[in-house]
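For the sequence shown, full-length UniProt numbering assigns the number 1 to the initial residue and increments by one for each residue that follows.
What follows is a single structure, written as structure tokens, with notes after it.
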Amino acid sequence: MSHVTGVALQELRHSFNITTLSAATMPAQEEVPEFAKHAVPLAHDLTNLSRVLLQALAYALGVPPAAFLACHSGMMQSDGRNPSTMRLLYYPPVPPDDERPRADDVAYTRCGAHADYGTFTLLAQDSEGGLEVKLNGSDKWQAVGHLPGAILVQSGELLAAWTANLLPALVHRVVVPAGAYTRARGRHCVAFFCHPDAEAALPALPLRAPAAPAPPPYTPPYTPHAHLTLHHRLLNAAHHLQKRFRETYA
Numbered sequence: 001m002s003h004v005t006g007v008a009l010q011e012l013r014h015s016f017n018i019t020t021l022s023a024a025t026m027p028a029q030e031e032v033p034e035f036a037k038h039a040v041p042l043a044h045d046l047t048n049l050s051r052v053l054l055q056a057l058a059y060a061l062g063v064p065p066a067a068f069l070a071c072h073s074g075m076m077q078s079d080g081r082n083p084s085t086m087r088l089l090y091y092p093p094v095p096p097d098d099e100r101p102r103a104d105d106v107a108y109t110r111c112g113a114h115a116d117y118g119t120f121t122l123l124a125q126d127s128e129g130g131l132e133v134k135l136n137g138s139d140k141w142q143a144v145g146h147l148p149g150a151i152l153v154q155s156g157e158l159l160a161a162w163t164a165n166l167l168p169a170l171v172h173r174v175v176v177p178a179g180a181y182t183r184a185r186g187r188h189c190v191a192f193f194c195h196p197d198a199e200a201a202l203p204a205l206p207l208r209a210p211a212a213p214a215p216p217p218y219t220p221p222y223t224p225h226a227h228l229t230l231h232h233r234l235l236n237a238a239h240h241l242q243k244r245f246r247e248t249y250a
């Protein structure tokens, strides 16, 4: 639940998270036949693609080739040291009456505006279902069309922190589409949230000097907590994730 101009936004979506490929975490075969047969290879593919992108990022930023890989070694492992997640999402159709505020001042949306907490997110969607991104340095929103077979790469808060905001976190949302036909359709997507290992340190990396003027230092969208002592300040990726969950869902 989020709030915009005094109206509470109720997010309409269903999701299933996969954080490890252990058979014990998969739905029972009799409940969802062949789920693991398709989900496990997909998770492997997205994990491997993430590793390729992590190496490409290191090369582009002028840091050692394994700089990012070294702190993402636990993706999809069962030891619990890496929170990377493959999320299967379904956004149900929204009837016209449900998009308007109700008597209790609640309106429906598909996903409120936010930036992802981790390094980056890989996103595949089956249709154009309301995804919008906020243009950097602007209050304007841009609709993201659907290109069949494409995977979107959304930079996250930790990548922004590591690169001193050279690659800013992408603020995005999923709105109820304006068109009646699109609004009446469901939207399926697969998101792979690439996170570093829990113990990964957060200081900015020594990047190669960019050709363009450096952007302003990264300021994460945290709720200010002036009372925090040094003991409570962020030390690693796990602290960052825990803090963001508290601020979002507390």
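Using N, Cα and C, we set each Cβ at its ideal position, and we do this for glycine too.
Note that the structure is a prediction, hence the values are computed from the model and not measured.
Start and end residues, beta strand (DSSP E) containing residue i
{"i": "residue 87", "result": "85–91"}
{"i": "residue 16", "result": "14–18"}
{"i": "residue 121", "result": "120–125"}
{"i": "residue 113", "result": "111–115"}
{"i": "residue 187", "result": "187–194"}
{"i": "residue 131", "result": "131–134"}
{"i": "residue 172", "result": "171–174"}
Residue i burial status per 10 Å Cβ neighbour count (16 or more: buried)
{"i": "residue 181", "result": "exposed"}
{"i": "residue 192", "result": "buried"}
{"i": "residue 118", "result": "buried"}
{"i": "residue 48", "result": "exposed"}
{"i": "residue 173", "result": "buried"}
{"i": "residue 135", "result": "exposed"}
{"i": "residue 248", "result": "exposed"}
{"i": "residue 165", "result": "buried"}
{"i": "residue 144", "result": "buried"}
Top-ranked residue by Cα proximity to residue i, from the options
{"i": "residue 86", "options": "41, 107 and 66", "result": "41"}
{"i": "residue 244", "options": "15, 35, 39 and 156", "result": "156"}
{"i": "residue 77", "options": "56, 54, 43 and 91", "result": "43"}
{"i": "residue 12", "options": "247, 188, 206 and 151", "result": "188"}
{"i": "residue 198", "options": "158, 81, 162 and 148", "result": "81"}
{"i": "residue 148", "options": "35, 127, 185 and 171", "result": "127"}
{"i": "residue 120", "options": "134, 142 and 46", "result": "46"}
{"i": "residue 62", "options": "238, 206 and 240", "result": "206"}
{"i": "residue 53", "options": "241, 195 and 235", "result": "195"}
CA-to-CA distance, residue j to residue i, given in whole angstroms
{"i": "residue 109", "j": "residue 73", "result": "36 Å"}
{"i": "residue 95", "j": "residue 130", "result": "14 Å"}
{"i": "residue 23", "j": "residue 139", "result": "44 Å"}
{"i": "residue 64", "j": "residue 160", "result": "18 Å"}
{"i": "residue 15", "j": "residue 92", "result": "11 Å"}
{"i": "residue 69", "j": "residue 179", "result": "42 Å"}
{"i": "residue 167", "j": "residue 30", "result": "44 Å"}
{"i": "residue 28", "j": "residue 79", "result": "22 Å"}
{"i": "residue 19", "j": "residue 88", "result": "12 Å"}
{"i": "residue 200", "j": "residue 125", "result": "30 Å"}
{"i": "residue 175", "j": "residue 25", "result": "31 Å"}
{"i": "residue 150", "j": "residue 84", "result": "21 Å"}
{"i": "residue 170", "j": "residue 154", "result": "6 Å"}
{"i": "residue 237", "j": "residue 158", "result": "8 Å"}
{"i": "residue 39", "j": "residue 50", "result": "16 Å"}
{"i": "residue 116", "j": "residue 241", "result": "10 Å"}
{"i": "residue 203", "j": "residue 162", "result": "6 Å"}
{"i": "residue 239", "j": "residue 55", "result": "25 Å"}
{"i": "residue 209", "j": "residue 142", "result": "Residue placement at residue 209 cannot be trusted, given a pLDDT of 49 that sits under 50; the coordinates are not used to answer."}
Element boundaries [alpha helix (DSSP H), containing residue i]
{"i": "residue 35", "result": "35–61"}
{"i": "residue 143", "result": "No alpha helix (DSSP H) holds residue 143; the beta strand (DSSP E) holding it covers 141–143."}
{"i": "residue 161", "result": "157–162"}
{"i": "residue 183", "result": "180–183"}
Residues near residue i in its chain [Cβ-Cβ closer than 6 Å; skip 5 each side]
{"i": "residue 177", "result": "130 and 183"}
{"i": "residue 75", "result": "47, 82 and 84"}
{"i": "residue 152", "result": "123"}
Neighbourhood of residue i by C-beta, 7 Å cutoff - its chain only, sequence neighbours within 5 removed
{"i": "residue 67", "result": "58 and 205"}
{"i": "residue 334", "result": "What is shown of the chain runs 1 to 250, which leaves residue 334 out entirely."}
{"i": "residue 111", "result": "11, 13, 173 and 174"}
{"i": "residue 71", "result": "196, 197 and 200"}
{"i": "residue 21", "result": "40, 43 and 76"}
{"i": "residue 252", "result": "No answer is possible for residue 252: it lies beyond the span of the chain, which begins at 1 and ends at 250."}
Beta-carbon contacts of residue i that lie in its chain and below 8 Å, excluding the five residues immediately before and after
{"i": "residue 113", "result": "2, 134, 171, 172 and 173"}
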